Amino acid sequence: RRGEMAKSTQLIDNEVFRAYATYAAIVLLKMMLMSLITAYFRITRKAFVNPEDTASFGKGESAKKYLRTDPDVERVRRGHLNDLENIVPFVGIGLLYALSGPDLSSALLHFRIFTGARILHTFAYLIPLPQPSRGLSWAVGYSVTFSMAYKVLKTAWLL
Amino acid sequence: RRGEMAKSTQLIDNEVFRAYATYAAIVLLKMMLMSLITAYFRITRKAFVNPEDTASFGKGESAKKYLRTDPDVERVRRGHLNDLENIVPFVGIGLLYALSGPDLSSALLHFRIFTGARILHTFAYLIPLPQPSRGLSWAVGYSVTFSMAYKVLKTAWLL
Amino acid sequence: RRGEMAKSTQLIDNEVFRAYATYAAIVLLKMMLMSLITAYFRITRKAFVNPEDTASFGKGESAKKYLRTDPDVERVRRGHLNDLENIVPFVGIGLLYALSGPDLSSALLHFRIFTGARILHTFAYLIPLPQPSRGLSWAVGYSVTFSMAYKVLKTAWLL
């Protein structure tokens, strides 16, 4: 029994699953990086949203002026939200896709293109690059997730 | 060894897991659809948030007037955020629930009600339908996720 | 065949996976709780964002005055978004970590610290506690997820 239980957790020995784990971790870490960039801009631009965050700048009006929005902070936050909207479906559908028995080469193609597209998307958003850089990188990542969802539904379909 | 490894990835052969994969993919695709609807309203209402997105409308003041919020765009964005807040817990808790060994019929009941409720929620938000349509469809989906979490905690509890 | 299939879904019998399921369900339920707190403040502060939500307060101007933002509502919403930004990576990376074969004691340490940190973060945000309470509890949770990602990448790395 113990042997069987151990075996059933060895998903991580499967090559497609290892590739999924690698790329899912990378894109989730990339998404987490957005929090640090937001914090960096909030501190350097002195633009906060919670009164308790400005207490170290003194009391009253002197601190209150730092409760403001800043275009750079808002831009990073939009990039972060866009990551949530796109990386969450990738991680969820990608897991099901990895378990649906794709070829390693097809799986790597999907994971690599998605990850590359989302890294480009972040640069396109933060620099910012002229359009359609951001739009195209978004569309490429979106299409990859859609393609994986198609494979999942074709393999698993049970309504 | 190879045979064992392959076997351990055959979760997708399990009927409850197949049902989970089907419904999780459907609700994640529905959530992704919100991005397209937002883009549609941004373009048709000419309401953008990034200066680089309005460059094709010309330079200076003529483009700047399209950097504005639009009630329809904001409505879709709220629906999208509500999806993130509710579909993410469903996908995460639903995976654990599917692995906790429920009957296929119970699992299908949970997955179908959640998916139906979230589709209704989207229509109720975007049309919009009078309340309590949106509130009720939200509450039904919320309760289904809660019920699955109860089963997961009852089965897996190890604190 | 049937026996094998059943076996492959018995992840829930693995102790590390059971611990993961328990803590993932707890933090996802905690995140879902933010929706109820938002609803509570919207109703008690009478601060709504959708016109159809104020219909029960009458028609025209008398209802329109409740379409407003409220500092308490906005605070809960920021806490909710922060949960999405941090709990989603924990749930995703934590699953991969649980499947990467960690010791039960290491796994429990990671899961317990993260869960404790996020519960503290919520109290720090909602009360609010003076900084650096919220900042520190955020950083602790962030570091735990980072540590799990390191283990996942070290175990699974296949680029």
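Protein chains in written order, with the working numbering: chain H, 3 to 161; chain U, 3 to 161; chain L, 3 to 161.
Every residue, glycine too, gets a C-beta built ideally from N, C-alpha and C.
Remember, it's a predicted structure, so these values are computed and weren't measured experimentally.
Less than 7 angstroms separating the beta-carbons of Ser135 (chain H) and Ala126 (chain H)?
Numbered from its first residue, the first sequence carries residue 135 (chain H) at position 133. Numbered from its first residue, the first sequence carries residue 126 (chain H) at position 124. Yes, the pair counts as a contact, with Cβ atoms nearer than the cut-off.
Does the stretch 113-121 of chain H come close enough to the stretch 23-33 of chain H that 3 or more CB-CB pairs lie under 8 angstroms?
yes
May I ask you to list the residues that DSSP assigns as paired with Leu69 (chain H)?
Position 67 of the first sequence holds residue 69 (chain H). In DSSP, Leu69 (chain H) forms a bridge with H:Phe50.
Let me see if you follow: with CB-CB separation under 7 angstroms, is Asp55 (chain U) close to chain H or not?
Residue mapping note: residue 55 (chain U) aligns to position 53 of the second sequence, counting from 1. Interface residue, yes.
Cutoff 6 angstroms; reference Leu110 (chain U); Cβ partners in own chain excluding five residues on either side
Numbered from 1 along the second sequence, position 108 holds the residue referred to as residue 110 (chain U). Excluding sequence neighbours, Leu110 (chain U) sits near Ala21.
In angstroms, rounded to a whole number, what distance separates the CA positions of Leu86 (chain H) and Glu87 (chain U)?
Within the first sequence, the letter at position 84 stands for residue 86 (chain H). Within the second sequence, the letter at position 85 stands for residue 87 (chain U). So the two alpha carbons sit approximately 11 angstroms from each other.
Proximity test, Cβ basis, 7 angstroms: Ser115 (chain L) and chain H
Mapped onto the third sequence, residue 115 (chain L) falls at position 113. First, the residue type needs correcting, since residue 115 (chain L) is Ile and not Ser in the sequence shown. No - not a single Cβ of chain H is within 7 angstroms of the one on Ile115 (chain L).
Buried or exposed, going by whether 16 or more other CB atoms sit within 10 Å of the CB of Ala57 (chain L)?
For the purposes of this step, residue 57 (chain L) is identified with residue 55 of the third sequence, where counting begins at 1. Classification of Ala57 (chain L): exposed, given that the 10 Å Cβ count is below 16.
Of all Cβ atoms in chain U, is any one closer than 7 angstroms to the Cβ of Arg80 (chain L)?
Walking along the third sequence from the start, residue 80 (chain L) turns up at place 78. For Arg80 (chain L), the answer is no, since every Cβ of chain U falls outside 7 angstroms of its Cβ.
Nearest chain L C-beta to Ser139 (chain U) closer than 7 angstroms, yes or no?
As a working mapping, residue 139 (chain U) is identified with position 137 in the second sequence. Cβ-Cβ to chain L under 7 angstroms: no for Ser139 (chain U).
Beta carbon of Thr46 (chain H), beta carbon of Arg79 (chain H): below 7 angstroms?
On the first sequence, residue 46 (chain H) is found 44 positions in, with the first residue counted as 1. On the first sequence, residue 79 (chain H) is found 77 positions in, with the first residue counted as 1. At least 7 angstroms separates the beta-carbon of Thr46 (chain H) from that of Arg79 (chain H).
At a Cβ cut of 7 angstroms, what residues of the stretch 84-118 of chain L count as close to chain H, listed as they run along the chain?
Leu86, Glu87, Val90, Pro91, Gly94, Ile95, Leu98, Leu101, Ser102, Gly103
Quick one: is Glu63 (chain U) buried, meaning 16 or more other Cβ sit within 10 Å of its Cβ, or exposed?
Within the second sequence, numbered from 1, the residue matching residue 63 (chain U) stands at position 61. Looking at its Cβ environment, which holds fewer than 16 other Cβ atoms inside 10 Å, Glu63 (chain U) is exposed.
Please report the residue range of the alpha helix (DSSP H) in which Phe59 (chain L) lies.
The residue you call residue 59 (chain L) lines up with position 57 of the third sequence. Here Phe59 (chain L) belongs to no alpha helix (DSSP H), and DSSP marks it neither H nor E.
Gly60 (chain L) burial status per 10 Å Cβ neighbour count (16 or more: buried)
The residue labelled residue 60 (chain L) in the question sits at position 58 within the third sequence. By the 10 Å Cβ count, Gly60 (chain L) comes out exposed.
Please report the residue range of the alpha helix (DSSP H) in which Trp140 (chain L) lies.
Residue numbering aside, residue 140 (chain L) sits at position 138 when the third sequence is read from its first letter. Segment 135-158, the alpha helix (DSSP H) holding Trp140 (chain L).
Could you tell me if Lys156 (chain L) is buried or exposed, where buried requires 16 or more neighbouring beta carbons within 10 angstroms of its beta carbon?
As a working mapping, residue 156 (chain L) is identified with position 154 in the third sequence. When all chains shown are included, Lys156 (chain L) counts as exposed.
So that I know if they touch, is there some Cβ in chain L lying closer than 7 angstroms to that of Arg29 (chain U)?
Within the second sequence, the letter at position 27 stands for residue 29 (chain U). Note that residue 29 (chain U) is Val in the sequence shown here, rather than Arg. Judged by the 7 angstroms Cβ criterion, Val29 (chain U) is not in contact with chain L.
Would DSSP call Asn187 (chain U) helix, strand or coil?
The requested residue 187 (chain U) is not part of the displayed model; chain U covers only 3 to 161.
Collapsed DSSP secondary structure at Ile129 (chain U) in the structure displayed:
As a first step, residue 129 (chain U) is located in the second sequence; it is residue number 127 there, counting from the start. Coil, per DSSP.
Rounded to whole angstroms, what's the CA-CA distance from Arg114 (chain L) to Pro132 (chain H)? Just pull it up for me.
Residue numbering aside, residue 114 (chain L) sits at position 112 when the third sequence is read from its first letter. Residue numbering aside, residue 132 (chain H) sits at position 130 when the first sequence is read from its first letter. Whole-angstrom Cα-Cα distance: 45 angstroms.
Under 6 angstroms Cβ to Cβ from Leu106 (chain H), same chain only, skipping five residues before and after it: list those, please.
Numbered from 1 along the first sequence, position 104 holds the residue referred to as residue 106 (chain H). Result list for Leu106 (chain H): Glu17, Val18, in chain order.
Inter-residue Cα distance where the pair is Met150 (chain L) and Lys67 (chain U):
Locating residue 150 (chain L) in the third sequence gives position 148, where the first residue counts as 1. Locating residue 67 (chain U) in the second sequence gives position 65, where the first residue counts as 1. Taking the straight line joining both Cα atoms gives about 46 angstroms.
Please report the distance separating the alpha-carbon of Leu38 (chain H) from that of Thr117 (chain L).
For the purposes of this step, residue 38 (chain H) is identified with residue 36 of the first sequence, where counting begins at 1. For the purposes of this step, residue 117 (chain L) is identified with residue 115 of the third sequence, where counting begins at 1. If I take the Cα positions, the gap works out to 21 angstroms.
Grab me the residues of Ala49 (chain L)'s own chain with a C-beta within less than 6 angstroms of its C-beta, minus the 5 sequence neighbours each way, in chain order.
Mapped onto the third sequence, residue 49 (chain L) falls at position 47. Here the set comprises Arg70, Asp72, Val75.
Beta-carbon neighbours of Val154 (chain H), restricted to chain U and to distances below 9 angstroms
The residue given as residue 154 (chain H) occupies position 152 in the first sequence. Under the 9 angstroms cutoff, chain U gives Ile14, Ala23, Thr24, Ala26, Ala27.
Tell me, please, whether the CB atom of Ala41 (chain L) is closer than 7 angstroms to any CB atom in chain H?
Here residue 41 (chain L) refers to the residue found at position 39 when the third sequence is read from its first residue. Answer no: the Cβ-Cβ gap between Ala41 (chain L) and chain H never drops below 7 angstroms.
Can you tell me whether Leu35 (chain L) is buried or exposed, with buried defined as 16 or more other CB within 10 angstroms of its CB?
For the purposes of this step, residue 35 (chain L) is taken as the residue at position 33 of the third sequence. Taking all protein chains in view, the Cβ of Leu35 (chain L) is surrounded by fewer than 16 other Cβ atoms within 10 Å, so the residue is classified as exposed.
Inspect the beta-carbon positions of Thr147 (chain L) and Pro91 (chain L) and report whether they are closer than 7 angstroms.
Position 145 of the third sequence, counted from the first residue, corresponds to residue 147 (chain L). Position 89 of the third sequence, counted from the first residue, corresponds to residue 91 (chain L). Yes, the pair counts as a contact, with Cβ atoms nearer than the cut-off.
Which residues in chain L sit within 8 angstroms of Ala162 (chain U), going by Cβ to Cβ distance?
The structure shown does not extend to residue 162 (chain U), since chain U spans only 3 to 161, so no value can be given for it.
Could you give the DSSP three-state label for Asp74 (chain L): helix, strand or coil?
Here residue 74 (chain L) is taken as the residue at index 72 of the third sequence, counted from 1. Three-state DSSP puts Asp74 (chain L) in a helix.
For the stretch 45-73 of chain H, which residues have a beta carbon sitting closer than 8 angstroms to at least one beta carbon of chain U?
So the list is empty, because no residue satisfies the distance condition.
Does the beta-carbon of Tyr99 (chain L) have 16 or more other beta-carbons within 10 angstroms, so that it is buried, or is it exposed?
The residue you call residue 99 (chain L) lines up with position 97 of the third sequence. Burial call: buried.
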